[in-house]
Amino acid sequence: MRFRSLFPDCQWSRRTAIKRRFMLTVAEQLRTAREAQGLTVYQVAEITKIKTDHVRALEEGDYATFAAPVYIRGFVRTYGTLLRLDVATLLTALETELDQTEKFHEPPPLSDESGRFLDVVMLQLSKVNWRVALPSLGVALALLVLILGYRAWRVHQSKDPLSSLGPGLYQPPQKQPGETLPLPPAQPKK
């Protein structure tokens, strides 16, 4: 009875209408519900904050324009809520439709196999407690610098400073007459 009061011009029975509704695609359900409420695509886009192109793509069933299925699900959920449709049924039908498409029939891989080594390194680095590791690393680095500095100083101290000079570079001064002044003669004491 209620069905007839909502749709007086309709030739179908309630059972036929329900069967027909389940046979409609998600795109057809969205379009017919929008048209039944007298909304335009622009009004829907304004209310839901979904781009007009995306609203049109949803109503045409053109899911290839979306980058990932998560966007399609979110937009259909928002759009279905606006139109007061059964969102759970709508999303179930959407999943069935997405499974039949080439692009979205299986979930995209979460990781690229080529970056395995980098992933392992980043995972291990994310497990490090940096509040303990950074000071420990600083102390270890300071100790290493001190040990290497002490060893370099010891090697430098035990080495003859003139051993690195080659022959002919160092000549001791030779005494030549006349270069120095003679000592004054000693004066007798008075």
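Okay, so the sequence shown: first residue is -18 according to my numbering, each after it adds one.
Glycine is no exception: its CB is placed at the ideal position from the N, C-alpha and C atoms.
With 16 other Cβ atoms within 10 Å as the buried cut-off, status of residue i
i, result
"Glu40", "buried"
"Ser117", "exposed"
"Pro142", "exposed"
"Tyr131", "exposed"
"Leu75", "buried"
Spatially closest choice to residue i from the options, by CA coordinates
i, options, result
"Gln10", "Arg65, Gln138, Gly119 and Thr46", "Arg65"
"Thr70", "Arg58, Asp80, Arg97 and Ile31", "Arg58"
"Gly42", "Thr6, Asp100 and Leu124", "Thr6"
"Asp67", "Gln105, Ile31, Ala14 and Phe98", "Ala14"
"Ile28", "Ala8, Arg112 and Gly61", "Gly61"
"Phe47", "Ala26, Leu79 and Thr21", "Leu79"
"Leu72", "Phe85, Glu83, Gln81 and Arg54", "Arg54"
"Phe85", "Glu16, Leu20 and Ala45", "Ala45"
Endpoints, the alpha helix (DSSP H) within which residue i is located
i, result
"Phe56", "Pro50 to Leu63"
"Ala8", "Val7 to Gln18"
Rounded Cβ spacing between residue i and residue j (contact assumed at less than 8 angstroms)
i, j, result
"Val25", "Val36", "5 angstroms"
Q. Could you give the uninterrupted runs of the alpha helix (DSSP H) lying entirely in the region 93 to 137, keeping only those of 4 residues or more?
A. 97 to 107
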